[in-house]
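Engineer: Going by the working numbering, the sequence shown opens with residue 371, and the numbers climb by one from there. Sharing a structure, written as structure tokens. Questions coming.
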Amino acid sequence: MNNYKDYIITNDTLKPFIILPNFPEAKKGMDYVISFEVLDNVGLQEVKAGVSYTKADGSPAQFAAILNSANDSNMYELRVPAAHMVADEVEFFVSATDFAGNQSTDLYFAPFEYGTTESFGTSYLLQLIDEPSVLNPSPSANYETKEDKRPTITVDLVNAGENPTVTLKIQDKTVEMTVADNKASYKPTADLADGRLELEVNVTRADGKKSAPFKWAFFIGESTFRHYRGQIHSHTNFSDGAGSLHDAYTYAKNA
Numbered sequence: 371m372n373n374y375k376d377y378i379i380t381n382d383t384l385k386p387f388i389i390l391p392n393f394p395e396a397k398k399g400m401d402y403v404i405s406f407e408v409l410d411n412v413g414l415q416e417v418k419a420g421v422s423y424t425k426a427d428g429s430p431a432q433f434a435a436i437l438n439s440a441n442d443s444n445m446y447e448l449r450v451p452a453a454h455m456v457a458d459e460v461e462f463f464v465s466a467t468d469f470a471g472n473q474s475t476d477l478y479f480a481p482f483e484y485g486t487t488e489s490f491g492t493s494y495l496l497q498l499i500d501e502p503s504v505l506n507p508s509p510s511a512n513y514e515t516k517e518d519k520r521p522t523i524t525v526d527l528v529n530a531g532e533n534p535t536v537t538l539k540i541q542d543k544t545v546e547m548t549v550a551d552n553k554a555s556y557k558p559t560a561d562l563a564d565g566r567l568e569l570e571v572n573v574t575r576a577d578g579k580k581s582a583p584f585k586w587a588f589f590i591g592e593s594t595f596r597h598y599r600g601q602i603h604s605h606t607n608f609s610d611g612a613g614s615l616h617d618a619y620t621y622a623k624n625a
């Protein structure tokens, strides 16, 4: 007993339970994704979640979506587009209705224990980090440039404001990238050496706020190694090889 499913279903008045994890950090101008769990003893008819916020002109705005469970489980995922992540804070909310018509907007933090855990309210105020971000590098991670030894390197800038300074670390030297229309670019002036090229982009906004370092790597020419799709596995000393599952992942990551 002492379980939410022990309630007598023939006269169900028990509302769904909406259980949240710790919220991932949210950045201005970036898509935001959060997963949460909804429990009910008779099944769920509708789960709706979203965010409310105030626009720059002071008018109220909201993004909301009706969600489907992930793989027929109790888990749900809300994806908030970047266009709605522009205020200093957004108010997250969920509404869940079961097949008996019971509706709940009460939120609980995990770990949840029926009859013990108390709701912290019907919404959660999420503070957005106000700093520049970097997206969509080109060439993309692990790309092979083949015959192109001087590829143009570009990234998209998010929440960078006017006249940001964007630097690129490449082959142990730092160069300044050209910025136009929320995109930064750099064209090498000499052929780059064949092999794996590691890069790092840093953005400093005009107000002094800095991005987190954005790192990735691609190949000038072609990669020495080839990845073959298959099941990641390990071997014992008595089989045709040796090594742990961790060793396999580490090798694949660094190949």
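Ideal placement from N, C-alpha and C gives every residue a C-beta, glycine not left out.
Out of Leu569, Ala457 and Arg575, which has the shortest C-alpha to C-alpha gap to Phe584?
Structural biologist: Stepping through the sequence shown from its first residue, residue 584 is reached at position 214. Of the candidates Leu569, Ala457 and Arg575, the one whose C-alpha sits nearest the C-alpha of Phe584 is Leu569.
Engineer: Apart from the five residues just before and just after Phe589, which ones in its own chain have a Cβ nearer than 6 Å to its Cβ?
Structural biologist: Position 219 of the sequence shown, counted from the start, is the residue given in the question as residue 589. Cβ within range, chain order: Glu514 and Arg566.
Engineer: Sort Asp458, Val460 and Thr522 by Cα distance to Thr548 and report the nearest one.
Structural biologist: Position 178 of the sequence shown holds residue 548. Cα-wise, what sits closest to Thr548 is Thr522.
Engineer: How far does the beta strand (DSSP E) with Pro430 in it reach, from first residue to last?
Structural biologist: For the purposes of this step, residue 430 is taken as residue 60 along the sequence shown, with counting starting at 1. Residues Pro430 to Leu437.
Engineer: In three-state terms, what does DSSP make of Ala457?
Structural biologist: As a first step, residue 457 is located in the sequence shown; it is residue number 87 there, counting from the start. In this structure, Ala457 counts as coil in the three-state DSSP scheme.
Engineer: Beta carbon of Ser429, beta carbon of Ser503: below 8 Å?
Structural biologist: One-based indexing of the sequence shown puts residue 429 at position 59. One-based indexing of the sequence shown puts residue 503 at position 133. Not a contact, by the Cβ cut-off of 8 Å.
Engineer: Would you mind reading off the limits of the beta strand (DSSP E) that contains Glu407?
Structural biologist: Mapped onto the sequence shown, residue 407 falls at position 37. Here the beta strand (DSSP E) through Glu407 covers Tyr402 to Leu409.
Engineer: With Gly531 as the anchor, note down where its beta strand (DSSP E) starts and where it stops.
Structural biologist: By one-based count along the sequence shown, residue 531 stands at place 161. Counting along the chain, Gly531 falls outside any beta strand (DSSP E), and DSSP gives it neither H nor E.
Engineer: Give me the Cα-Cα distance between Ala396 and Val460, rounded to the nearest whole angstrom.
Structural biologist: For the purposes of this step, residue 396 is identified with residue 26 of the sequence shown, where counting begins at 1. For the purposes of this step, residue 460 is identified with residue 90 of the sequence shown, where counting begins at 1. About 10 Å.
Engineer: Return the bridge partner residues of Gly420 from the DSSP annotation.
Structural biologist: Mapped onto the sequence shown, residue 420 falls at position 50. Gly420 pairs with Ala434 and Phe463.
Engineer: If we count the other Cβ atoms within 10 Å of its Cβ and call it buried at 16 or more, is Met371 buried or exposed?
Structural biologist: As a position in the sequence shown, residue 371 is number 1, starting the count at 1. Below a pLDDT of 50, predicted positions are generally treated as unreliable, and Met371, at 35, falls in that range; the measurement from the model is reported next regardless. With fewer than 16 other Cβ atoms within 10 Å, it is exposed.
Engineer: Would you tell me roughly how many angstroms separate the C-alpha atoms of Ser609 and Thr487, rounded to the nearest one?
Structural biologist: If you number the sequence shown from 1, residue 609 lands on position 239. If you number the sequence shown from 1, residue 487 lands on position 117. Low per-residue confidence applies at Ser609: pLDDT is 44, beneath 50, and the placement is therefore not dependable, though the value from the model is reported in the following sentence. Taking the straight line joining both Cα atoms gives about 50 Å.
Engineer: Within 10 angstroms of the Cβ of Leu496, are there 16 or more other Cβ atoms? Answer buried if so, exposed if not.
Structural biologist: Position 126 of the sequence shown, counting from 1, holds the residue named residue 496. By the 10 Å Cβ count, Leu496 comes out buried.
Engineer: Kindly identify the DSSP beta-bridge partner or partners of Gln473.
Structural biologist: Residue numbering aside, residue 473 sits at position 103 when the sequence shown is read from its first letter. Thr467, per the DSSP bridge assignment.
Engineer: Check whether the region 470-479 touches the region 505-514, counting contact only when three or more Cβ pairs, one atom from each stretch, lie closer than 8 Å.
Structural biologist: Because the criterion of three Cβ pairs below 8 Å is not met, the region 470-479 and the region 505-514 do not touch.
Engineer: Suppose you measure from the CA of Tyr698 to the CA of Tyr494; what does that come to, to the nearest Å?
Structural biologist: Outside the displayed range of the chain (371 to 625) lies residue 698, so it cannot be described from this structure.
Engineer: Could you tell me which uninterrupted alpha helix (DSSP H) segments, each at least 4 residues in length, are contained entirely in the region 517-593, listed from first to last along the chain?
Structural biologist: Qualifying alpha helix (DSSP H) stretches: none in this window.
Engineer: Excluding sequence positions up to five away, which residues of its chain have a Cβ less than 6 Å from the Cβ of Ile540?
Structural biologist: Reading the sequence shown from its first residue, position 170 is the one you call residue 540. Excluding positions up to five away in sequence, the list reads Leu569.
Engineer: Report the partner residues of Ser503 according to the DSSP bridge assignment.
Structural biologist: By one-based count along the sequence shown, residue 503 stands at place 133. DSSP lists Val528 as partners of Ser503.
Engineer: When you compare only the Cα positions, how much space is there between Ala440 and Glu447?
Structural biologist: Counting from one through the sequence shown, the residue named residue 440 turns up at place 70. Counting from one through the sequence shown, the residue named residue 447 turns up at place 77. If you take the alpha carbons of Ala440 and Glu447, they lie about 8 Å apart.
Engineer: Relative to the alpha-carbon of Thr383, which residue among Gly531, Phe433 and Thr467 has its alpha-carbon at the smallest distance?
Structural biologist: Within the sequence shown, residue 383 is the residue found at index 13, counting from 1. Closest option to Thr383, Cα to Cα, is Thr467.
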